């Protein structure tokens, strides 16, 4: 009986700790939003109709006149960074504390995800072509919202499938494309991951997203971890080498992470994105 009470007490302590941490994060989010707005910036959740469905974006910037950067989250169905987490500093594969000083950063909760989730969303609409249409319409909305001809585009993991195809299809809409944990061939990546896991187990006791993309008519950069087993870096290296990018291309390898980046590597990505934009003089 004593052990039961001890276990119950540990559970209560753990839950209380999680609630306190949640309250800390919520307070931090509120303070960041207040700071941005008070300084003349923007921290706003906005509704936009895409593909006939109400969808939501979080827009954050210290200076809303800075170039727009649209971030396509991973998953599918993993809106981080996204509306819910408010993009506070280190989230998944990207940190934002410095990023919002150089860009007007837009986090979009994709169809069926996060704040955009709606029970009436047709199951038949959950397909690649619809996500591309949604993303294209969102780009058009952002161009009108911020009165700009072009924006920066970034895709993270699953979002990189949408992102690079969007950049390939509509090069006139974007200053540049930034791939973070870029997926080249999902099925082959899974096979490589399986073979790696099988090898590790023995030691210790098809989706081709980019089959038609050979050229991008904009500057492009990629960030990928050397230890990412989920998404094959070997495939990205092969894709990168054959990719034609007349306006320039760059690949940065991260040394301290796997598919989800450490805070240190996440900040290296943030720094790299800022330097990439600076070198383009946009």
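Numbering (this note's numbering), first residue to last: 168 to 449.
Where a beta carbon is used, it is the ideal one built from N, C-alpha and C, also for glycine.
All of these numbers come straight from a predicted model, not from anything done at the bench.
What is the rounded straight-line gap between the Cα of residue i and the Cα of residue j?
i, j, result
"residue 324", "residue 295", "15 Å"
"residue 288", "residue 278", "8 Å"
"residue 228", "residue 290", "34 Å"
"residue 241", "residue 391", "14 Å"
"residue 345", "residue 328", "12 Å"
"residue 232", "residue 430", "28 Å"
"residue 469", "residue 225", "Residue 469 falls outside the range modelled here, since the chain spans only 168 to 449, and no answer is possible."
"residue 339", "residue 208", "28 Å"
"residue 417", "residue 347", "12 Å"
"residue 187", "residue 230", "32 Å"
"residue 310", "residue 405", "33 Å"
"residue 425", "residue 234", "30 Å"
"residue 312", "residue 183", "42 Å"
"residue 407", "residue 250", "31 Å"
"residue 129", "residue 321", "Outside the displayed range of the chain (168 to 449) lies residue 129, so it cannot be described from this structure."
"residue 175", "residue 185", "15 Å"
"residue 386", "residue 435", "19 Å"
"residue 268", "residue 173", "48 Å"
Mark residue i as exposed unless 16 or more other C-beta atoms lie within 10 angstroms of its C-beta, in which case mark it buried.
i, result
"residue 394", "exposed"
"residue 438", "exposed"
"residue 302", "buried"
"residue 493", "Given a span of 168 to 449 for the chain in the structure shown, any question on residue 493 remains unanswerable."
"residue 236", "buried"
"residue 222", "buried"
"residue 206", "exposed"
"residue 190", "exposed"
Can you tell me whether DSSP reads residue i as helix, strand or coil?
i, result
"residue 290", "helix"
"residue 233", "coil"
"residue 375", "Note that residue 375 scores 47 on pLDDT, short of 50, meaning its location in the model is unreliable; the coordinates nonetheless yield the value given after this. Note: residue 375 maps to strand in three-state DSSP."
"residue 470", "Residue 470 lies beyond the residue range present for the chain, which begins at 168 and ends at 449; the question has no answer from this structure."
"residue 265", "coil"
"residue 335", "helix"
"residue 444", "helix"
"residue 317", "coil"
"residue 216", "strand"
"residue 406", "helix"
"residue 141", "The chain is shown only over 168 to 449; residue 141 falls outside these bounds and no answer can be derived."
"residue 346", "strand"
"residue 432", "helix"
"residue 322", "strand"
"residue 419", "strand"
"residue 327", "helix"
"residue 298", "helix"
"residue 209", "strand"
"residue 222", "strand"
"residue 311", "helix"
"residue 185", "helix"
Would you grab the beta carbon distance between residue i and residue j for me? Rounded to a whole angstrom, and I think it's under 8 Å.
i, j, result
"residue 449", "residue 342", "5 Å"
"residue 238", "residue 273", "7 Å"
"residue 319", "residue 270", "7 Å"
"residue 352", "residue 402", "5 Å"
"residue 299", "residue 275", "In fact, because the Cβ distance is near 13 Å, the residues do not count as touching under 8 Å."
"residue 297", "residue 218", "6 Å"
"residue 266", "residue 398", "About 22 Å separates the two Cβ atoms, so there is no contact after all."
"residue 433", "residue 262", "4 Å"
"residue 109", "residue 244", "Past the edges of the chain, shown from 168 to 449, lies residue 109, and the structure says nothing about it."
Closer than 6 Å: is that where the CB of residue i sits relative to any heavy atom of the ligand COA?
i, result
"residue 268", "Annotation note on the ligand COA: not contained in the displayed structure, which lists no ligands."
So, is the C-beta of residue i closer than 7 Å to a C-beta in chain E?
i, result
"residue 319", "No chain E is part of this structure, which consists of one protein chain only."
inquiry  = When you compare the segment 413–421 with the segment 379–386, are there three or more beta-carbon pairs, one atom per stretch, that lie closer than 8 Å?
reply    = yes
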